[in-house]
Amino acid sequence: MSVKKSSSILFISKVIKTVFDIASIMLLSRLLLVSDYGIYKQVSISSQLIISIMTLGVSNSALYYLSDKRKKEYLVNLYFMLFSFSILVVIISPFLAMLFDMNFKVDFFRKNIFIVALIYSLGIFSSASENILVALNKIKSLVIYTIAPTVYWFVGLLFLLFYGKYTIYMIFVLFIFRYVLNIVLLILPTWGEIKFEYTNLKRIKDILIFGIPIGFSTILGMLNKNVDKLVVGYFVDNVNFAIFSNGAYEIPFSSLLTSSLFTVLIPELKRLNDLKNISSIKTLWNRAGNVMIPIMVSLASSLIFFAKPFVLFIFSEKYLASVPYFRIYQTILYFRIYVYGSIFVATKNSRIFLFNAIYSLIFNIAMDIFLIMKIGPIGAVIATVLTTVFLVILQLINIKNILKIKFSETFPWFNWIKSIIVSLMISGSLYVLYDITSSGVFVGLLFMFFSFVLSFFILSYMVNNEVLNYIVYVLKKLTSK
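Under the working numbering, think of the first position of the sequence shown as 39, with each following residue one higher.
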């Protein structure tokens with residue numbers, strides 16, 4: 039199977055997974071008590087953090103060592119490490135449960151230590167699954183792995199709803215079995231390639247040494263992403279935490295779009311850097327930003343103005359108080375026209391990217407604590423936005439120094455500012471029309487969709503129409519068959 043075809047299949051499978059994930063969130067937020075939903079979010083966040091910290095970058099090592107000719111020698115050692123980490127986290131789970139209970143001021147973690155330990159342990163073992171299947175070129179297995187557990191999760195939630203068993207404990211049991219299914223779908227296609235005689239301490243050491251530096255960056259990224267929730271969780275109860283966490287919600291499709299583009303761009307940026315062709319790097323970098331402007335700017339403006347109908351649709355009226363948080367949080371999308379780390383990877387400056395993540399985390403923690411104490415939970419959202427701006431400026435300064443170009447050339451400033459103004463005018467005008475004519479959720483969603491489409495079309499013609507032309511091309515091909 040060609041790389042292009044494989045990439046397309048994986049992207050489609052991730053889109054399907056994302057749709058089911060959103061549908062599952064819609065069910066959970068409606069049917070759990072707000073306080074129980076807060077507990078669910080706390081356990082989910084703690085799980086993400088523990089998995090990120092405990093795996094020490096092993097998933098990145100999987101991509102490197104399993105793409106090698108000696109992949110059979112490393113696969114069993116990779117599984118051995120994941121199994122060891124899974125056992126270790128069970129042993130230290132009582133300590134971790136105490137820490138999270140203290141942070142969130144609850145007693146759920148210690149009272150349900152068996153459930154919590156299983157979630158952490160199974161999550162760690164399955165954490166490298168996607169990279170293992172990619173490295174072993176098991177694309178069909180990866181598609182099944184991506185979609186099947188998510189569909190099972192959604193169907194399971196519907197089953198619990200139908201039989202009236204919608205308790206936080208049953209949700210976590212279902213969550214655990216989802217991880218079990220993940221592991222089964224990983225082991226089955228790779229079982230024939232596991233050779234226990236290759237178990238070797240030197241290979242285990244190789245995997246660790248390679249993974250730790252990258253894993254440290256991943257840990258910093260995960261902390262940066264969740265530090266606001268940890269700090270807010272310390273200051274508020276479960277109900278207010280649930281309201282805040284739903285407000286600090288990032289649309290999954292936005293990261294899918296940018297990561298897909300910049301994953302393709304990194305090899306080309308690296309090639310140009312090896313040729314010392316700075317002029318072409320600058321041209322490609324700015325072109326990539328201009329390609330993303332019509333999508334991300336249109337999406338941000340539409341979500342900011344139509345935050346209320348969107349939040350009510352996804353989370354229900356119980357989370358009406360999440361709207362102000364959500365509206366402020368979506369301003370981050372304006373800065374998501376780049377995956378800034380791609381330049382650092384392509385130019386072999388990952389160390390700078392790592393230090394930027396450290397500076398950003400320190401800034402984020404300081405701003406979170408200060409603003410939450412001053413103005414409450416909404417201060418955490420403002421702190422996240424300020425941290426994003428701080429990190430973007432820091433990275434653009436580094437890009438300027440790496441490429442030896444002007445700061446004004448690191449970002450398509452004029453097109454970006456112009457697009458934000460135009461998109462805000464379009465979305466604002468349509469919101470006024472919506473506010474005058476209706477207050478319905480579905481009508482609001484229609485207005486939001488129309489706002490995005492209209493803004494996208496206009497910005498495509500103003501800035502860059504490559505995505506629009508591609509959409510037209512695909513539609514013509516589909517209709518001509």
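The beta-carbon is built from N, C-alpha and C at its ideal position, and this holds for glycine as well.
message: Can you give me the C-alpha to C-alpha distance between residue 68 and residue 357, rounded to a whole angstrom?
response: 9 Å
Completely contained beta strand (DSSP E) runs for the region 128 to 189, where each covers 3 or more residues: none
message: By alpha-carbon positions, which one of 126, 131, 115 ends up nearest to residue 81?
response: 131
Reduced DSSP secondary structure (H/G/I, E/B, other) of residue 359: helix
query: Under the three-state reduction of DSSP, which class applies to residue 377: helix, strand or coil?
result: coil
field: Exposed unless 16 or more other CB atoms sit within 10 angstroms - verdict on residue 125
entry: exposed
task: Kindly indicate which residue of 197, 146, 360, 224 has the alpha-carbon position closest to the one of residue 117.
output: 224
Enclosing alpha helix (DSSP H) for residue 421 [first to last residue]: 416 to 441
query: Where does residue 501 land, buried or exposed, given buried means 16+ other C-beta within 10 angstroms?
result: buried
- prompt: From this set, 206, 99, 196, which residue's C-alpha is nearest residue 119's C-alpha?
  reply: 99
message: Whole angstroms are fine: how far does the CA of residue 328 sit from the CA of residue 303?
response: 14 Å
task: Rounded to whole angstroms, what's the CA-CA distance from residue 41 to residue 197? Just pull it up for me.
output: Note that residue 41 scores a pLDDT of 48, beneath 50, so its modelled location is shaky and nothing firm can be said.
- prompt: For residue 64 versus residue 281, is the C-beta distance shorter than 8 Å?
  reply: no
task: With residue 209 as the anchor, note down where its alpha helix (DSSP H) starts and where it stops.
output: 206 to 228
message: Spatial neighbours of residue 520 within its chain, please: C-beta separation below 7 Å, excluding the five flanking residues on both sides.
response: For residue 520 there is no data in the structure shown, the boundaries of the chain being 39 and 519.
- request: Please say whether residue 179 and residue 227 have beta carbons closer to each other than 8 Å?
  value: yes
- prompt: Are there 16 or more other CB atoms within 10 angstroms of the CB of residue 330, so buried, or fewer, so exposed?
  reply: buried
query: Which runs of the alpha helix (DSSP H), 4 residues or longer, sit entirely within the region 242 to 278?
result: none
message: Going by C-alpha to C-alpha distance, which of 433, 390, 121 sits closest to residue 377?
response: 433
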